[in-house]
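Asker:
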Amino acid sequence: QAEDGIRDVERSRGLGDVYKRQIQTWGKLAEICGKYLKQMQIKNLEENPEDHSYVIPLTFTFSDGFEIKLKTLFRVNDRHIMAKCLLIFYKDIKRNRDIDLKMNTLLLQANFNLFDVTYSLDENQNVFVEMDIIPTANFEAFEDELKGLFFGIEYFFNKIMLEVFKEIRRLDTYGRYIG
Numbered sequence: 140q141a142e143d144g145i146r147d148v149e150r151s152r153g154l155g156d157v158y159k160r161q162i163q164t165w166g167k168l169a170e171i172c173g174k175y176l177k178q179m180q181i182k183n184l185e186e187n188p189e190d191h192s193y194v195i196p197l198t199f200t201f202s203d204g205f206e207i208k209l210k211t212l213f214r215v216n217d218r219h220i221m222a223k224c225l226l227i228f229y230k231d232i233k234r235n236r237d238i239d240l241k242m243n244t245l246l247l248q249a250n251f252n253l254f255d256v257t258y259s260l261d262e263n264q265n266v267f268v269e270m271d272i273i274p275t276a277n278f279e280a281f282e283d284e285l286k287g288l289f290f291g292i293e294y295f296f297n298k299i300m301l302e303v304f305k306e307i308r309r310l311d312t313y314g315r316y317i318g
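Here you go:
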């Protein structure tokens, strides 16, 4: 530091340096996430190195054998490894005020009562189940969180949807979900 209190220019770091460090960190976290997913033997795992993300195509089977395909998107930033699974599009179900109130109440109760399960709505009222985990977590913690997300999918379709709707419109979200 100079005598007049002005910082030496050559020691100052610009935002470009900060951004480069963030990208390197994200890349390392994406590698850890990918390693853990592969260690769990996740089938059909899709990797996108450009945006540090992974996609798991999941098939949910209803009790009558009917199947839908869902997409779970994993993204990495400097603070979290995040996973989000789109469960249902708002436009795919006939809803009204009473149905919305009942569903939102059940989602909030599930968020409070279920360990490792978080439901959310986006700006279009589409329903998601999600998880986030700190980057320093070990494999066992990652696996527990992901199992919580899988449980959240089952709970949504087997409990919440059955309680809210007499007839469920069972549609794939996989091909239509752009994360």
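Start counting the sequence shown at 140; every next residue gets the next number (this note's numbering). Note that the Cβ used here is the ideal one computed from N, Cα and C, for glycine as well.
1. Would you check if the segment 191-200 and the segment 168-181 touch, i.e. whether three or more CB-CB distances between them fall below 8 angstroms?
2. As an exercise, report each continuous alpha helix (DSSP H) stretch of at least 4 residues that is fully enclosed by the segment 246-301, in chain order.
3. Quick one, are the C-beta atoms of residue 225 and residue 265 less than 8 angstroms apart?
4. Nearest CA to the CA of residue 221: which residue from 294, 285, 199 and 304?
5. Taking the alpha-carbon positions, what's the residue 273 to residue 218 distance?
6. When burial is assigned at 16 or more other CB atoms within 10 Å of the CB, is residue 169 buried or exposed?
7. Would you grab the beta carbon distance between residue 269 and residue 223 for me? Rounded to a whole angstrom, and I think it's under 8 angstroms.
8. Once you ignore the five residues that flank residue 256 on each side, which residues in its own chain have a CB closer than 8 angstroms to its CB?
9. Suppose contacts are defined by Cβ-Cβ distances below 8 angstroms. Is residue 245 in contact with residue 303 by that definition?
10. So, helix, strand or coil for residue 214, using DSSP?
11. Assuming residue 206 and residue 198 make a contact with CB atoms under 8 angstroms, what is their CB distance in whole Å?
Answerer: This is what the structure gives:
1. yes
2. 278-294
3. yes
4. 285
5. 6 angstroms
6. buried
7. 4 angstroms
8. 249, 250, 268, 287, 288, 290, 291 and 294
9. yes
10. strand
11. 5 angstroms
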